[in-house]
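Chemist: Every position in the sequence shown, counted from 1, becomes a number in the numbering used here once 35 is added. Positions of the beta carbon are idealized from the N, C-alpha and C atoms, including for glycine. Have a look at the structure that comes next, please.
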Amino acid sequence: MRTTASDAALDQLCVNAIRFLAVDAVQQANSGHPGLPLDAAPMTYALWTRLLKHDPAHPQWFDRDRFILSAGHGSALLYSLLHLCGYDLPLAQLKQFRQWGSITPGHPERGLTPGVEVTTGPLGQG
């Protein structure tokens, strides 16, 4: 795979978009953990755009790869990725991060947010 300077610049813009979406969500909620999204954005961007088999139009596709965010407190990272990768998670829902009744709670919940594979909670809880 050949990478040009413009490809690298576009990748960096995408990584920064993930970071800013996540940090903005945490800031607006006045609650959450921005560290994981800031640090893991490059790695997760590469996974979601180059390695994982997934289809936002068919999130329950049987042969998909599963992404498990075991550190559920970093959910803003996952929601930003799902939004940018085309899952049914509009920007308006990112703006409702950690708010009562939203589909973007502080820890991912399977069945609530499209693309979330497993409910994860506080670290060390199994």
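By Cβ distance, which residues of its chain are closer than 6 Å to L117, with the 5 residues on each side in sequence left out?
Modeler: The residues are L124, G150.
Chemist: Under 8 Å, do T139 and Y114 count as touching if we go by C-beta distance?
Modeler: Going by C-beta atoms, T139 is nearer than 8 Å to Y114.
Chemist: What is the DSSP secondary structure of C49, counted as helix, strand or coil?
Modeler: Here C49 sits in helix by DSSP.
Chemist: Helix, strand or coil for A106? Go by DSSP, reduced to three states.
Modeler: Reduced to three states, the DSSP call for A106 is coil.
Chemist: Is the Cβ-Cβ distance between G107 and P72 less than 8 Å?
Modeler: No; because the gap between Cβ atoms is not below 8 Å, this pair is not in contact.
Chemist: Going along the chain, which residues of its own chain have a beta-carbon closer than 6 Å to the beta-carbon of V153, five neighbours each way excluded?
Modeler: The answer, listed in chain order, is I103, R145.
Chemist: Kindly indicate which residue of P77, P91, D98 has the alpha-carbon position closest to the one of A43.
Modeler: Closest by alpha carbon: P77.
Chemist: Decide if the region 94-102 is in contact with the region 124-138; the criterion is three or more beta carbon pairs, one per stretch, under 8 Å apart.
Modeler: No: fewer than three Cβ pairs fall under 8 Å.
Chemist: Nearest to G141 by CA position, among W96, A92, N65, is which residue?
Modeler: Comparing Cα positions, the closest option is N65.
Chemist: Suppose the cutoff is 8 Å on Cβ atoms and the five residues either side in sequence are ignored; what does the same chain contact list for Q63 look like?
Modeler: Once the five neighbours on either side are set aside, the close Cβ partners of Q63 are K130, F132.
Chemist: Reducing DSSP to helix, strand and coil, say where S153 ends up.
Modeler: Per the sequence presented here, residue 153 reads as Val, with Ser not at that position. DSSP places V153 in coil when its eight states are reduced to three.
Chemist: If distances are taken between C-alpha atoms only, which option among I53, S41, T148 comes closest to Q95?
Modeler: For the residues I53, S41, T148, the minimum Cα distance to Q95 belongs to T148.
Chemist: Could you check whether C120 and P91 sit closer than 8 Å to each other, using their CB atoms as the reference points?
Modeler: A contact, by the Cβ cut-off of 8 Å.
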